[in-house]
Amino acid sequence: MAKKKITEIVSEISADFLDENGLELYNSEFVKEGKDWFLRVYIDRLPAEDGKEEYVSTDDCEKVSRFLSAELDRLDPIEQNYYLEVSSPGMDRALLKEKDFKRFCGRMVDISLYKAVNGHKTFQGILKGLTEDNKIIIEDENGSEIEFPREQVAKTRLAVIF
């Protein structure tokens, strides 16, 4: 079975369960590392109505892991042996989808580029948004706005500032 298909199955079978538990599927991947296969499932808390940030607990991960393990055993869609890992996307989560860019607008982000611009491959700034023509806009420390075409961006992550 193709990798994409397995992640689609995970999305389909987990949607209602996650929603009932105030969670959402942030991302999933089915990858081979060395001789082993890993099904990695990243879950996140649904944004609270009052805007207060809530985080995924280890109990949430365990509950989702038990559910997915039972459902995947029942459906048996994966031919090879694999390890199931369920976790949160983390404080330095990658912004992957348009909704991630909307949700974290106004937050500090780190951007890594495939190819240097003005001698730099990494930039940090406040996320201003994603344009209709698919450009990521940040405001740098000087207050200047910088646009990056999304196809030139290797990764956009929330910055971890202590």
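So for the sequence shown, the numbering used here puts the first residue at 145; every next one is plus one.
Ideal placement from N, C-alpha and C gives every residue a C-beta, glycine not left out.
Check the Cα spacing between serine 201 and each of Glu223, Asn165, Leu240: the tightest is with Asn165. A Cβ-Cβ contact shorter than 9 Å links lysine 259 with glutamine 296. The segment 282-289 makes contact with the segment 263-272: 3 or more CB pairs, one atom from each, lie closer than 8 Å.
Per DSSP, the unbroken alpha helix (DSSP H) holding phenylalanine 245 starts and ends at 242-247.
Between the alpha carbons of isoleucine 153 and arginine 294 lies a distance of about 28 Å. The residues Arg294, in chain order, have a CB closer than 6 Å to that of asparagine 278 in the same chain once the five nearest residues on each side in sequence are set aside. Selection Leu162, Leu183, Glu177 evaluated against lysine 149 yields Leu183 as nearest (Cα-Cα). Proximity to threonine 300 across Phe306, Glu168, Leu257 peaks at Leu257, based on C-alpha coordinates. Secondary structure in the segment 154-237: the beta strand (DSSP E) runs of 3 residues or longer, each lying completely within the stretch, are 167-177, 180-189, 227-231 in chain order. Around the CB of phenylalanine 306, fewer than 16 other CB atoms lie within 10 Å, so the residue is classed as exposed. With fewer than 16 other Cβ atoms inside 10 Å of its own Cβ, tyrosine 199 counts as exposed. Around the beta carbon of valine 304, fewer than 16 other beta carbons sit within 10 angstroms, so the residue counts as exposed. Pairing leucine 239 with phenylalanine 248 gives a Cβ-Cβ distance under 9 Å. Inter-segment contact for the segment 209-221 and the segment 188-199 is absent: fewer than three beta-carbon pairs are separated by less than 8 Å. When the Cα atoms are used, proline 233 and leucine 302 turn out to be separated by approximately 11 Å. Listed in chain order, the non-local C-beta contacts of tyrosine 227 below 6 Å within the same chain comprise Phe182, local neighbours out to five positions each way being set aside.
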